[in-house]
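Quick mapping for you: the protein sequence lines, in order, are chains A and B. Residue 64 in our numbering is what sits at position 52 of the first sequence, and the numbering runs on without skipping anything. Residue 69 in our numbering is what sits at position 61 of the second sequence, and the numbering runs on without skipping anything. Note that beta-carbon positions come from the ideal geometry of N, C-alpha and C, so glycine has one too. Please read these numbers as outputs of a predicted model, since none were measured by experiment. What follows is a short report on a single structure.
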Amino acid sequence: DTAVSQTPKYLVTQMGNDKSIKCEQNLGHDTMYWYKQDSKKFLKIMFSYNNKELIINETVPNRFSPKSPDKAHLNLHINSLELGDSAVYFCASSQDGPGFQYFGPGTRLTVT
Amino acid sequence: QKEVEQDPGPLSVPEGAIVSLNCTYSNSAFQYFMWYRQYSRKGPELLMYTYSSGNKEDGRFTAQVDKSSKYISLFIRDSQPSDSATYLCAMGGNTGKLIFGQGTTLQVKP
Chain A
13 DTAVSQTPKY LVTQMGNDKS IKCEQNLGHD TMYWYKQDSK KFLKIMFSYN
63 NKELIINETV PNRFSPKSPD KAHLNLHINS LELGDSAVYF CASSQDGPGF
113 QYFGPGTRLT VT
Chain B
9 QKEVEQDPGP LSVPEGAIVS LNCTYSNSAF QYFMWYRQYS RKGPELLMYT
59 YSSGNKEDGR FTAQVDKSSK YISLFIRDSQ PSDSATYLCA MGGNTGKLIF
109 GQGTTLQVKP
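This is the structure in structure tokens:
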């Protein structure tokens, strides 16, 4: 009965490939987020969706495209992967405002 | 200058010590303040949430917010080895997004 789940947990791929990360939450929350955590542990928001509508779109390369098929799912597709995309990507969800966020376990992406 | 500054540490203390973790910020529009705990290779989990200046206590944890100084703190009393983790401060305003500090790595030695 995991609250926020992500697949896969680990992703190793070569430069230039396209990959997707999936996120699902069973908390009934309306808002979902994607974060990137770099090697220095900085956690930075990338996107936020509320009821399938994009509400936050930070300055990220347009190689990154989020998709929310329904309010329980938020996927992240990355085209033409680069070395600098190597990081841990976290999905999160919230209901009672952005302060109360529940995070998934993360997807560790390594681009070689 | 970053919006939120947090000393990354690492901070190493003996078991039973009082731990003080701090963040400063520059954006006076921040209205709510959080502390998240992140164990190695796990996602962050919300530890403390405060909306205004003052103190909030929850068990061994006390969160303190001083809006006039733009300074927030987390105190851990009687620290335990299980408290060893990275502690991230986070804050937000009416933009709907959280800004995180870099995180402070804490090690509590038995």
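Per the C-alpha coordinates, the member of B/Gln9, B/Lys10, B/Val27 positioned closest to B/Thr94 is B/Val27. Close CB contacts of A/Gln107 within its chain, under the 8 Å cut and outside five residues either way in sequence, are with Leu39, Gly40, His41, Asp42, Thr43 (chain order).
By the Cβ criterion, the region 66-83 of chain B is not in contact with the region 13-23 of chain B, since fewer than three pairs of Cβ atoms, one from each stretch, lie closer than 8 Å.
Rounded to the nearest whole angstrom, the CA to CA distance from B/Lys105 to A/Met27 is 31 Å. Membership of A/Val72 in any beta strand (DSSP E) is not indicated, and neither H nor E is assigned to it by DSSP. Judged by their CB atoms, A/Phe112 and A/Tyr47 are not nearer to each other than the 9 Å cut-off.
Going by DSSP, A/Phe115 is part of the beta strand (DSSP E) stretching over 113-115. Counting C-beta atoms within 10 angstroms of its own C-beta, A/Asp97 has 16 or more neighbours from the protein chains shown and is therefore classed as buried.
For the pair B/Gln72 and B/Ile80, the CB atoms are nearer than the 9 Å cut-off. Contact between B/Leu54 and B/Asp91 fails: their C-beta atoms lie close to 16 Å from each other, not under 8 Å. Counting the other Cβ atoms within 10 Å of the Cβ of B/Arg45 gives 16 or more, which makes it buried.
Nearest neighbour of A/Glu70 by Cα position, chosen from A/Leu23, A/Ala99, A/Tyr45, turns out to be A/Tyr45. Against chain A, the beta carbon of B/Tyr57 has neighbours under 7 Å at Gly111, Phe112, listed in chain order. 9 Å or more divides the Cβ of A/Ser105 from the Cβ of A/Leu88. Of all residues in the region 104-117 of chain B, only Gly104, Lys105, Leu106, Phe108, Gln110, Gly111 place a beta-carbon less than 7 Å from a beta-carbon of chain A. DSSP places B/Pro22 in the uninterrupted beta strand (DSSP E) bounded by 19-22. Closest in C-alpha terms to A/Thr14, from the list B/Gly51, B/Ala25, B/Glu13, B/Val12, comes B/Gly51. In the DSSP assignment, B/Gln46 is bridged to B/Thr94.
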